[in-house]
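Residues 25 to 176 in this note's numbering are what the sequence shown spells out, letter by letter. Just so you know, even glycine gets a beta-carbon here, dropped at the ideal spot from N, CA and C. Comments concern the structure below.
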Amino acid sequence: MVRFVATMDKPKPVHLATVLRKRPVLKRFFQRQPVELVFLHGALAKDRMKALSDVDVAVLFKDGKYSYENISKIILKLEDIFKREDIDLGVLNRASPLFGMQVLKNGIVLYCRSPKALKNFRLRAIQRYLSTAHLRTTFNRRVAEAVLRGSP
25 MVRFVATMDK
35 PKPVHLATVL
45 RKRPVLKRFF
55 QRQPVELVFL
65 HGALAKDRMK
75 ALSDVDVAVL
85 FKDGKYSYEN
95 ISKIILKLED
105 IFKREDIDLG
115 VLNRASPLFG
125 MQVLKNGIVL
135 YCRSPKALKN
145 FRLRAIQRYL
155 STAHLRTTFN
165 RRVAEAVLRG
175 SP
């Protein structure tokens, strides 16, 4: 997301405790949406928001239910709830294995439709992450080799 700071109002600070107090409102909203899981991640999940930090949210939609319309509806509602225009919504259904694992490790569950949904997501995220570990290792090694050679 690109934010044009000069043309936007200064974002109001959001603290983790404030988000956690809004869980009942979030739950009521997400119960009516085609989502299985919603995570808060990034700086806000660590309660370390800075002036230019955005609000990072990751959503796992029910199978085949992620659409521009559903994503837009969620972003608009989160902007209203948090009184901020800088919501960064990640869709876990199509996320990389690394992103899914980072959300799983560092994220805070804001909404969970069922314990089974969370269990299934955990299992899939870990399996995808582990099954692609060799690709990340190869990529990182080649980047390091290129840097040492001085080539782009």
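- Taken through DSSP and simplified to helix, strand or coil, Ala119 comes out as coil.
- Under DSSP, the beta-bridge partners assigned to Tyr135 are Val62.
- Val79 and Asp110 have their C-alpha atoms roughly 6 angstroms apart.
- Residue state for Val127 is assigned as helix, using DSSP reduced to three classes.
- Considering only Ser120, Lys51, Asn144, the residue with the shortest C-alpha distance to Leu159 is Ser120.
- A buried status is given to Phe53, since no fewer than 16 other beta-carbon atoms sit within 10 Å of its beta-carbon.
- When C-alpha distances from Lys129 are compared across Asn117, Phe63, Asp104, the shortest belongs to Phe63.
- Counting C-beta pairs with one atom in each stretch, the segment 151-167 and the segment 101-110 have fewer than three that are closer than 8 angstroms, which means they do not touch.
- A distance below 8 angstroms separates the beta carbons of Lys36 and Arg108.
- DSSP places Ala82 in the strand class (E or B) of the three-state scheme.
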